[in-house]
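Student: Each position in the sequence shown, counted from 1, maps to that position plus 1478 in my numbering. A virtual CB, placed ideally from N, CA and C, is assigned to each residue, including glycine. Bear in mind the structure is a predicted one, so any value in this text is a computation, not a measurement.
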Amino acid sequence: MTHLNRCFLFSFLSLCSILNGNDNGNRLKTFTHPCMGTLFKISVDSELPQDKLNKIAKGAFSIADAMDQKFSDYSAESEISKFNELPQNSPFKLSHDFFELLNISKEYHKQTRGTFEPASGALTRLWRLSKRIKRLPDQKTLDLAIQASRFDNVIIDKTTRAATKKNYMTRLDFGGIAKGYTADKMLSYMKNEGLHACSVSAGGDIVVGNAPAGKSHWVVKIKPYGDLSSEFMSLKLCNQAVSTSGNIEQSVTIGDDKYSHIIDPKTGLGIKGSHAVTVISPKGVISDVLATSISILGFDGLELLKQFPDSEAAIIDFKDEKKTVKKSPNFNNNLK
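#1: Please state whether the Cβ-Cβ distance between I1794 and K1801 is less than 8 Å.
#2: Tell me the DSSP bridge mates of R1649?
#3: Would you call the CB atoms of T1731 and T1756 closer than 8 Å?
#4: Of all the options T1648, G1762, G1733 and T1637, which has the alpha carbon lying nearest to the alpha carbon of G1599?
#5: Might you give, ordered along the chain, the residues of its own chain that have their beta carbon closer than 8 Å to the beta carbon of K1761, omitting 5 neighbours on each side?
#6: Count the CB pairs spanning the segment 1620 to 1632 and the segment 1600 to 1608 that are closer than 8 Å, and state whether there are at least three.
#7: Output the distance between the C-alpha atoms of G1672 and I1520, rounded to the nearest integer angstrom.
#8: In this structure, does DSSP put A1554 in helix, strand or coil?
#9: What does the Cβ neighbour count give for V1698, buried or exposed, with the cut at 16 atoms within 10 Å?
#10: Output the distance between the C-alpha atoms of K1797 and S1738, rounded to the nearest integer angstrom.
#11: Using C-beta distances below 7 Å, list every residue in its chain close to D1546, excluding the 5 sequence neighbours before and after it, in chain order.
#12: How about L1580 and A1535: do their beta carbons lie closer than 8 Å?
#13: Across which residues does DSSP place G1724 in a beta bridge pair?
#14: Looking at the structure shown, is S1540 part of a helix, part of a strand, or coil, going by DSSP?
#15: Report the three-state DSSP secondary structure of F1796 (helix, strand or coil).
#16: In terms of residue numbering, what span does the alpha helix (DSSP H) encompassing D1778 cover?
#17: Taking just the CA atoms, how far does D1734 sit from F1652?
#18: Measure the C-alpha to C-alpha separation of D1778 and A1791 and round it to an integer number of angstroms.
#19: Look at the Cβ atom of I1633, then the Cβ atom of K1644, and state whether they are nearer than 8 Å.
#20: Where do the N-terminal and C-terminal ends of the beta strand (DSSP E) with H1574 fall, by residue?
#21: If you measure between the beta carbons of A1538 and M1664, is that distance less than 8 Å?
#22: Compute every distance between the C-beta of A1791 and the non-hydrogen atoms of the ligand NAD, then say whether any falls below 7 Å.
#23: G1704 to K1530, Cα distance in whole Å?
#24: Could you say which of R1613, D1635, N1670 and P1596 lies nearest to N1567 if we only look at CA atoms?
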């Protein structure tokens, strides 16, 4: 999403719970850790000794903390904040993870037709202020922020592993990709440590590995806010990821209009309307990006899946107390 604390576990526009299909008794262990403005949760199905599991979980959470120290724009000491405060034309040497995520972001920026905009930090800052004072920015200020929030303002030197800003106002914002990327890293680490039947939940993003013993999949339950009368949507996943996004919970009314925390980089303002998006992908980094992009594009966002053939999505739109649901052709294959 557009910032690092876009969804919270157990809220109604997030991933409400993750289960293993049927009860596996005492084999299923869970660990939690606050990070990135949300609660990270690890679930593992293993017969390893508890002290070994504790050590692996601690190692996984240390990855989350390390990523937060790189990608959080709320910390002045983070790597991204140091880059953002640099003047233009000043090369900045990047860490391995930062360099990797920046290049991944560049590719997804192209594939999503610019709706995923990792250089939107100037707009993020401006919109946070607008939400706080409940007043839209003046057009001149908005136009300057939009001009600065273009990925072509960032030059990546792959030889020196450095990045340079062409516009001094340009600021990176990995809020729409960092949690999915981090969850993928944590899952990979745990698999390398011998925990193959495990999952990582990071607010509105969940990644799962192999199914628990004797099962064919994990089960993730979702319930969109505003649809309280409906049953939970149960998804069956194995070595996949799911992300949710929407503009129902985190919205602000300015004048006669209700705006989301999710920013459309073309207008520079929060998107309007009320809808919820669920995306299933092979990796958390992909589902995270697509959830944001489809939220911005609405039903037209399903066309993006042509660029991501292994991903599926569902959109629930709420208008005048009427609910409209659209899904990609194979989304229902993941329903339990």
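Tutor: Answer, in terms of the structure:
#1: Counting from one through the sequence shown, the residue named residue 1794 turns up at place 316. Counting from one through the sequence shown, the residue named residue 1801 turns up at place 323. Their beta carbons are under 8 Å apart, which means I1794 touches K1801 by this criterion.
#2: Within the sequence shown, the letter at position 171 stands for residue 1649. Paired residue(s): S1598.
#3: Taking the sequence shown and counting its residues from 1, the one referred to as residue 1731 is at position 253. Taking the sequence shown and counting its residues from 1, the one referred to as residue 1756 is at position 278. No; because the gap between Cβ atoms is not below 8 Å, this pair is not in contact.
#4: To locate residue 1599, count along the sequence shown from 1; it is residue 121. Answer by Cα proximity: T1648.
#5: Taking the first residue of the sequence shown as 1, we reach residue 1761 at position 283. Result list for K1761: G1658, D1662, V1685 and A1719, in chain order.
#6: yes
#7: One-based indexing of the sequence shown puts residue 1672 at position 194. One-based indexing of the sequence shown puts residue 1520 at position 42. Roughly 14 Å between the two C-alpha positions.
#8: Sequence index remark: in the sequence shown, residue 1554 carries index 76 (1-based). Coil.
#9: Position 220 of the sequence shown, counted from the start, is the residue given in the question as residue 1698. In this structure V1698 is buried. Its beta-carbon is surrounded by 16 or more other beta-carbon atoms within 10 angstroms.
#10: If you number the sequence shown from 1, residue 1797 lands on position 319. If you number the sequence shown from 1, residue 1738 lands on position 260. Each residue's Cα considered, the two are about 15 Å apart.
#11: Your numbering for residue 1546 matches position 68 in the sequence shown. Take D1546, set aside five residues on each side of it, and the residues of its chain with a beta-carbon closer than 7 Å to its own are C1513 and M1514, in chain order.
#12: As a first step, residue 1580 is located in the sequence shown; it is residue number 102 there, counting from the start. As a first step, residue 1535 is located in the sequence shown; it is residue number 57 there, counting from the start. For L1580 and A1535, no; Cβs fall outside 8 Å.
#13: Along the sequence shown, read from residue 1 onward, the residue named residue 1724 stands at position 246. Secondary-structure assignment with DSSP links G1724 through a beta bridge to A1754.
#14: Counting from one through the sequence shown, the residue named residue 1540 turns up at place 62. Here S1540 sits in helix by DSSP.
#15: On the sequence shown, position 318 is the one that residue 1796 refers to. The answer is strand: DSSP assigns F1796 an E or B state.
#16: Position 300 of the sequence shown, counting from 1, holds the residue named residue 1778. Careful: D1778 lies outside any alpha helix (DSSP H) and carries neither H nor E.
#17: Taking the sequence shown and counting its residues from 1, one reaches residue 1652 at position 174. Taking the sequence shown and counting its residues from 1, one reaches residue 1734 at position 256. Distance between the alpha carbons of F1652 and D1734: 30 Å.
#18: If you number the sequence shown from 1, residue 1778 lands on position 300. If you number the sequence shown from 1, residue 1791 lands on position 313. So the two alpha carbons sit approximately 12 Å from each other.
#19: For the purposes of this step, residue 1633 is taken as the residue at position 155 of the sequence shown. For the purposes of this step, residue 1644 is taken as the residue at position 166 of the sequence shown. In this structure, K1644 lies closer than 8 Å to I1633 by Cβ.
#20: Against the sequence shown, residue 1574 aligns to sequence position 96. Per DSSP, H1574 belongs to no beta strand (DSSP E); it is in the alpha helix (DSSP H), H1574 to Q1589.
#21: Along the sequence shown, one-based indexing puts residue 1538 at 60. Along the sequence shown, one-based indexing puts residue 1664 at 186. Result yes, Cβ atoms of A1538 and M1664 sit closer than 8 Å.
#22: What this structure holds is no ligand at all, so the ligand NAD is not there to describe.
#23: Along the sequence shown, read from residue 1 onward, the residue named residue 1704 stands at position 226. Along the sequence shown, read from residue 1 onward, the residue named residue 1530 stands at position 52. Confidence in G1704 is poor, its pLDDT being 48 and thus under 50, which makes the residue's placement unreliable; the coordinate value appears in the next sentence. Using only the alpha carbons, I get a separation of about 42 Å.
#24: The residue you call residue 1567 lines up with position 89 of the sequence shown. Cα-wise, what sits closest to N1567 is D1635.
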